[in-house]
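2 protein chains.
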Amino acid sequence: MNYSVVKGTRDFLPNQMIKRNYIFNSIKSIFELHGFCPIETPSIENLSTLMGKYGEEGDRLIYKILNSGDFLKGVDLSNPSDINYKSIANKIAEKGLRYDLTVPFARFVVNNRNELNFPFKRYQIQPVWRADRPQKGRYREFYQCDVDIIGSNSLLNEIELCEIIDEVFAKLNLNITIKLNNRKILSSISEIIGKPEMLTDITVAIDKIEKIGYEKVICELLERGLDQEDINKIDPILKLSGNNKDKISQLKTILSENETGLKGIEELETVFNSIDKLNLSSNIEFDITLARGLNYYTGCIFEVKANDFSIGSITGGGRYDNLTGVFGLDNMSGVGISFGADRIYDCLEALDLFPKEINNTTKLLFINFGERESQKCIEYARILRKNNISSETYPDKAKLQKQMKYANDKNIPFVALIGEREIEENKIMVKNMISGEQTLMDINQLIEIFNL
Amino acid sequence: MNYSVVKGTRDFLPNQMIKRNYIFNSIKSIFELHGFCPIETPSIENLSTLMGKYGEEGDRLIYKILNSGDFLKGVDLSNPSDINYKSIANKIAEKGLRYDLTVPFARFVVNNRNELNFPFKRYQIQPVWRADRPQKGRYREFYQCDVDIIGSNSLLNEIELCEIIDEVFAKLNLNITIKLNNRKILSSISEIIGKPEMLTDITVAIDKIEKIGYEKVICELLERGLDQEDINKIDPILKLSGNNKDKISQLKTILSENETGLKGIEELETVFNSIDKLNLSSNIEFDITLARGLNYYTGCIFEVKANDFSIGSITGGGRYDNLTGVFGLDNMSGVGISFGADRIYDCLEALDLFPKEINNTTKLLFINFGERESQKCIEYARILRKNNISSETYPDKAKLQKQMKYANDKNIPFVALIGEREIEENKIMVKNMISGEQTLMDINQLIEIFNL
């Protein structure tokens, strides 16, 4: 029998949980400082809500849940040759697992619109599931930490998201670069060569420039159906150089005839100008090759990379003008980003950036010398806890060595030994596990140690 | 198209999340004060891990996940009349959703035993899923908050769990009664009538005594196959009276010949005697009719009821001597309880016990009067956040009334108005939203308001 975890999923041990919670709590605290409110949506959604929102590949990767009871009821099996898994999947499975937090959020906004305060600022930290092939750094169950503002077109929201990114990673001590682009500019590239239908092909190709280089991107563009004349027009865009201001000014000339492109540039410029005055600690970079996969983005798009560790994007997002439209609510523009907790974890681990003091373990262990002594211990432990000092009594009368090893393995800084003499004298023998020093004291003196 | 949530699942709005987090954080803080460490297990497990652990009913209620890709590969469809949903279910679905936290925890302990520090004290707060018929107070997705000690036989663990129950509900200000029983005593009842195989029938019947009354329980016992002689033997057990000590003493006489029963009584007595000295604030009651459904319990069993609100059990658990055995690890006794966050929520809501101060919303909203003013606002907001004061700038230049309504609806206590004059003078007009008072001040004075 196979009793291991499902491939691509993970057990989290206490020391991993403590580090993960450090990341979640850091992110959450910044979200709340900016006035974002928590929400949660169900893990299980109707497939009608999920399907068709993530492209064909996404549909395939959604985990589908078998209907309860006789799921074959109503399925015609009389002609076996007519049956294939694609044709019966949507009959035997009508529910699926959440694939991301953005689409359920759009559904949430539509369903609860009468109870929400717009512009609605929400954050959501929950797992998502993808029936993907597991590989290093890619899991079938992983957490997303999303923050979105919906119901406002203002670019102040884009600016606030940059501030949030900056503050989160400053708090985590991770040096990062925020990459910005704008979907309108990408659209304009396909427009100026007169091939708007090629937008996706073009963005998919130029997105790879960092990985495969300029020459290969040009080859791919030609393969995908662009001609040499198109390449000549796109070439200067791929060769933008200098700082953000330089790049924007070069692009303004190149796209001077294209309204969509100029609108995109104007949006980016507003964001850059405002952020310049805020003295963020992160680099912010205009990157024309940044595309972001999902089709629902319509304005600014964001991506974050760690400067000192190579792991791909650790945060990403963008502006979507009509995500709630598919659920029947138009004119509800939103913008949001998603922090990838697992990759951030890997960065912090690799760069040794987890603070030592987050291991908030038991402060004191009472050694168990037998029934009478341990009764005294649990009474003392109760007093310590009332003073907010975490403490436990070893449950068994085991060998002292075994109990001390338990304290050591759990990094417990103090151990209390209570024998007959201590009971009689109302004292506690306290051992500092780092210095090895032993001191006899009463319970009030013990409490004081922790209040220093 | 159906875009509502799946029946039996729920969206959680910010004001609900804040209350839920208050419950989770309260429970978590008590767990940590007792030295329990957090773990998490995957939502998705192999069905081989889950099936057969929860009885037939449980197996039916486990959500099964359709295999990825061509799930019909290897399924013989040539003889349609041979096919039924039961026979193909385990071929097309090999994974399922977590049904509770205890069985995955047992699997976790077995798989990770070399990295754990025994006796291992863990807590786990995660959702579970059951394909149940939704009804009031019963959901298809709900959170469990579990705390277990595994790898120790000591009754100090049972005592600690009673303390945890007491401290959690004291923190939540909810008056409760802890009901205790012992599976060994229940076993002995079936033994003294010479029908050990009837243990489940007997416990299922007497568990209903509070709901349906003594007479009907007797009828049910007779229907289930007991005879009048058996009833005569069981009758005094069902009629135990007085306080815990009285009941135990009566039971000692009744079960004087039965070793299992006496062992169970001894265990209960030890727990009661120790707890008597701890001055808990909760009632603790020996309840011989308490059975707990799951078959894996072998010693003490616990259940908690709210004194002032009728909603069934809000916490429950017990001792299991061999839960890890099915996963290949014997001699690993454990004991644990599970807090039902949803029912606790309903209790606190019904009794109006949620503290008012948990709504930790934005402290100050900057009103947006236009581009130049809002740039100043976001610079100020940044300073406030650096001083740990949550603040936001209304993203759009909307009508003042609309912006004030936003602040009101979000319960934001202060609003800042910055017009041209304020910019020139480096001042901020701060309005107290409760008193209505307006005061002109500089940023340092504003920070001081919140530090008072």
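Residue numbers (the numbering used here), protein chains in the order written: chain A, 1 to 452; chain B, 1 to 452. Built from N, CA and C at the ideal position, the CB exists for glycine as well.
The way I'd put it, the region 100–109 of chain A doesn't touch the region 390–399 of chain B; fewer than three beta-carbon pairs between them come closer than 8 angstroms. The continuous alpha helix (DSSP H) containing R60 (chain A) extends over residues 55–61. DSSP links V304 (chain B) through a beta bridge to B:I178, B:T315. Here L329 (chain A) has V109, V110, R113 as same chain residues with Cβ atoms under 8 angstroms from its own Cβ, once five neighbours each way along the sequence are excluded.
According to the DSSP assignment, R122 (chain B) belongs to no alpha helix (DSSP H) but to the beta strand (DSSP E) extending over 120–129. In this model, M198 (chain B) and T177 (chain B) are separated by some 29 angstroms (Cα to Cα).
Within the region 36–69 of chain B, those residues whose Cβ lies closer than 7 angstroms to any Cβ of chain A are, in chain order, C37, P38, I39, E40, T41, P42, S43, I44, E45, N46, S48, T49, Y63, K64, I65, L66, S68. Comparing C-alpha distances from D132 (chain A) to each of A:G8, A:Y345, A:K410, A:F302 shows the shortest one belongs to A:G8. Rounded to whole angstroms, S29 (chain B) and T362 (chain A) show a C-alpha spacing of 12 angstroms. Under the three-state reduction of DSSP output, I83 (chain A) falls in the coil class, being neither helix nor strand.
In this structure, the alpha-carbon of I218 (chain A) lies about 20 angstroms from that of G293 (chain A). P42 (chain B) is classed as buried because its beta carbon has at least 16 other beta carbons within 10 Å across all chains shown.
Here R138 (chain B) carries a strand assignment [DSSP, helix/strand/coil].
Taken through DSSP and simplified to helix, strand or coil, I418 (chain A) comes out as coil. Look at G328 (chain A): its C-beta is under 9 angstroms from a C-beta on chain B.
Taking the beta carbon of S249 (chain B) as reference, no residue of chain A falls within 7 angstroms; the closest one sits roughly 21 angstroms away. Only those residues of the region 428–441 of chain A whose C-beta falls short of 9 angstroms from the nearest C-beta of chain B would be listed, and there are none. Sequence-distant Cβ neighbours of I248 (chain B) in its own chain, meaning closer than 8 angstroms and more than five residues away, are I265, L268, E269, F272, F286. Within 10 angstroms of the beta-carbon of Y214 (chain B) lie fewer than 16 other beta-carbons, which makes it exposed.
For T393 (chain A), the enclosing beta strand (DSSP E) begins and ends at 391–393.
Chain A places no beta carbon closer than 9 angstroms to that of L452 (chain B), leaving this residue out of the contacts. Excluding sequence positions up to five before and after N387 (chain B), its CB lies within less than 8 angstroms of the CB of I447, F450, N451, all in the same chain and listed in chain order. Taken in chain order, the members of the region 314–338 of chain B whose beta-carbon sits within less than 8 angstroms of a beta-carbon on chain A are F327, G328.
Taken through DSSP and simplified to helix, strand or coil, D330 (chain B) comes out as coil. Listed in chain order, the non-local C-beta contacts of Y22 (chain B) below 7 angstroms within the same chain comprise F354, I358, local neighbours out to five positions each way being set aside. V304 (chain B) is positioned such that its CB atom lies no closer than 9 angstroms to that of G318 (chain B). Secondary structure of A93 (chain B) (DSSP, three-state): strand. Rounded to the nearest whole angstrom, the C-alpha separation of I125 (chain B) and A93 (chain A) is 28 angstroms. The alpha helix (DSSP H) runs lying completely inside the region 2–79 of chain B and spanning 4 residues or more are 14–33, 47–50, 55–61, given in chain order. Burial check for T439 (chain B): the Cβ neighbour count within 10 Å stays below 16, so the residue is exposed. DSSP places G225 (chain A) in the coil class of the three-state scheme, outside both helix and strand. For the region 200–223 of chain B, no residue has a beta-carbon sitting nearer than 8 angstroms to a beta-carbon of chain A. Rounded to the nearest angstrom, the Cβ distance from I337 (chain B) to F369 (chain B) is 56 angstroms, too far for a contact under 8 angstroms.
Where M429 (chain B) is concerned, the enclosing beta strand (DSSP E) starts and stops at 428–432. For L155 (chain B), the closest C-alpha among the options B:I88, B:C300, B:R382, B:E32 is that of B:C300. Short of 8 angstroms from the beta carbon of N117 (chain A), and not among the five residues preceding or following it, lies no beta carbon of its own chain.
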